[in-house]
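Throughout, this note's numbering is defined as the position within the sequence shown, counted from one, plus 159.
In this text, a Cβ means the ideal position worked out from N, Cα and C, and glycines have one as well.
Just so it is clear, the structure is predicted and the values come from calculations on it, not from any experiment.
Here the structure is laid out as structure tokens; the discussion comes afterwards.
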Amino acid sequence: MDPSATRGVFRHGRDLYTHNLIPGRRVYGEELRIESGTEYRHWDPWRSKLAAYLLKTPDAPSFDRVRSVLYLGGAHGTTVSHLSDALPQATIFVVEKSPISFAPLLALSRERPNLLPLLADAQLPERYAADVGLVDLLYQDVAQRAQAQIFRENALACLAPAGEGLLMLKVRSITQSLTTRAVLGAAKRELEAGHLSVRESIELTPFSREHLALRIGS
Ligand SMILES: C[S@@+](CC[C@H](N)C(=O)[O-])C[C@H]1O[C@@H](n2cnc3c(N)ncnc32)[C@H](O)[C@@H]1O
């Protein structure tokens, strides 16, 4: 198991792993692997766009200065659980609006003290901004029509001045009539209106044909 460029993320051949914060526990049926007395969880890029991004980017983020995270669209916690492994000292606020998805997220957070789940709508950051404060990393994966606007408003409310962002931009189902390039252009304009710049955009094929990962700075 070799360390990768990203804090808390390891490589074994072509695969990514994180150090299991709760040894013996799987979150989504993933492979567990013990090496030199340490247990790792396989991070499946077909199930997690962040894993797909880390495998595909030529310039992976280090996350070295990340002490707090705002994660929008936690779902059942697949990706959240790997961030929880990778950043055990960080505080990770996880917003999810579906009560059905929130239940497993809540159960996950009972085992993992660095997770703070919030049953809330990411379109209304004013409802949770005071609890969250300013974060070092804003991550969004909500598959909503107004996804760039949601990111911009959350960055305005909660992203620290030198903070970084990752937006998993759904390019297919927003509208079938626009090309990926047009969707990306519209998202860039929306983000720039909030003084955010897109530093990198990475296609997540073959893992996801529907998304681009945008790395965003302020
Ligand atoms: C594609 S899933 C997220 C998968 C997750 N990020 C992962 O990798 O494990 C999108 C999630 O966003 C949630 N969502 C959609 N719109 C939202 C909103 N406005 N506020 C909060 N959550 C939202 C959905 O309920 C769903 O659970």
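Open item on the list: Is valine 301 near ligand 1 - that is, is its Cβ less than 7 Å away from at least one heavy atom of it?
Closed with: At least one heavy atom of ligand 1 is nearer than 7 Å to the Cβ of valine 301, so yes.
- [ ] Mind reading off the beta-carbon distance from leucine 278 to isoleucine 251? Whole number of angstroms is fine, and I expect it under 8 Å.
- [x] That belief does not hold up - the Cβ atoms of leucine 278 and isoleucine 251 are roughly 15 Å apart, past 8 Å.
Open item on the list: Between which two residues does the beta strand (DSSP E) holding tyrosine 298 run?
Closed with: DSSP places tyrosine 298 inside the beta strand (DSSP E), whose first and last residues are 294 to 299.
Task: beta-carbon aspartate 244 near ligand 1 non-hydrogen atom, thresh 7 Å - done: Within 7 Å of the C-beta of aspartate 244 there is not a single heavy atom belonging to ligand 1.
Task: heavy atom of ligand 1 below 7 Å from lysine 208 C-beta - done: Lysine 208 Cβ: within cutoff of ligand 1.
Task: Any non-hydrogen atom of ligand 1 closer than 7 Å to aspartate 280 Cβ - done: Look at aspartate 280: its beta carbon is less than 7 Å from one of the heavy atoms in ligand 1.
Task: threonine 237, buried or exposed, once every other Cβ within 10 Å from all chains shown has been counted against 16 - done: Answer is buried; the Cβ neighbour count reaches 16.
Open item on the list: I believe leucine 229 touches cysteine 317 by the beta-carbon criterion, under 8 Å. Please report the beta-carbon distance rounded to the nearest angstrom.
Closed with: The C-beta distance from leucine 229 to cysteine 317 rounds to 5 Å, short enough to fall under 8 Å.
Task: Selected residue, minimal CA-CA separation from tyrosine 298, among Thr364, Pro365, Phe222 and Leu180 - done: Ranking Thr364, Pro365, Phe222 and Leu180 by Cα distance to tyrosine 298 puts Phe222 first.
- [ ] State yes or no: is the C-beta of serine 360 within less than 8 Å of the C-beta of leucine 343?
- [x] The beta carbons of serine 360 and leucine 343 sit closer together than 8 Å.
TODO: Starting from serine 356, follow the alpha helix (DSSP H) in both directions and report where the run begins and ends.
DONE: Careful: serine 356 lies outside any alpha helix (DSSP H), inside the beta strand (DSSP E) at 356 to 362.
Task: Simplified DSSP assignment, three categories, for isoleucine 375 - done: Strand at isoleucine 375.
Open item on the list: I'd like the span of the alpha helix (DSSP H) that includes tyrosine 212, first residue to last.
Closed with: The continuous alpha helix (DSSP H) containing tyrosine 212 extends over residues 208 to 215.
Open item on the list: Considering only heavy atoms of ligand 1, does any lie closer than 7 Å to the CB of threonine 339?
Closed with: In terms of side-chain proximity, the C-beta atom of threonine 339 is found no nearer than 7 Å to any non-hydrogen atom of ligand 1.
Open item on the list: Suppose you measure from the CA of glycine 232 to the CA of serine 257; what does that come to, to the nearest Å?
Closed with: Looking at the two C-alpha atoms, the distance is approximately 9 Å.
Open item on the list: Can you tell me whether glutamate 349 is helix, strand or coil according to DSSP?
Closed with: Of the three classes helix, strand and coil, the one that applies to glutamate 349 here is helix, per DSSP.
Open item on the list: Measuring CB atoms only, is the segment 281 to 299 touching the segment 259 to 266, in the sense that at least three cross pairs come out at less than 8 Å?
Closed with: Cβ pair count under 8 Å is below three, so no.
Task: Where aspartate 244 sits in the DSSP three-state scheme - done: In this structure, aspartate 244 counts as helix in the three-state DSSP scheme.
Task: Beta carbon of valine 357 nearer than 8 Å to that of leucine 337 - done: Not closer than 8 Å, so no.
Open item on the list: For phenylalanine 310, which residues in the same chain have their Cβ closer than 6 Å to its Cβ, ignoring the five residues on either side in sequence?
Closed with: So the qualifying residues of the chain are Gln299 and Leu326.
TODO: Following the continuous alpha helix (DSSP H) through arginine 311, name the residue where it begins and the one where it ends.
DONE: Element bounds for arginine 311: 306 to 317.
Open item on the list: Could you compute how far the alpha carbon of valine 225 sits from the alpha carbon of leucine 350?
Closed with: So the two alpha carbons sit approximately 22 Å from each other.
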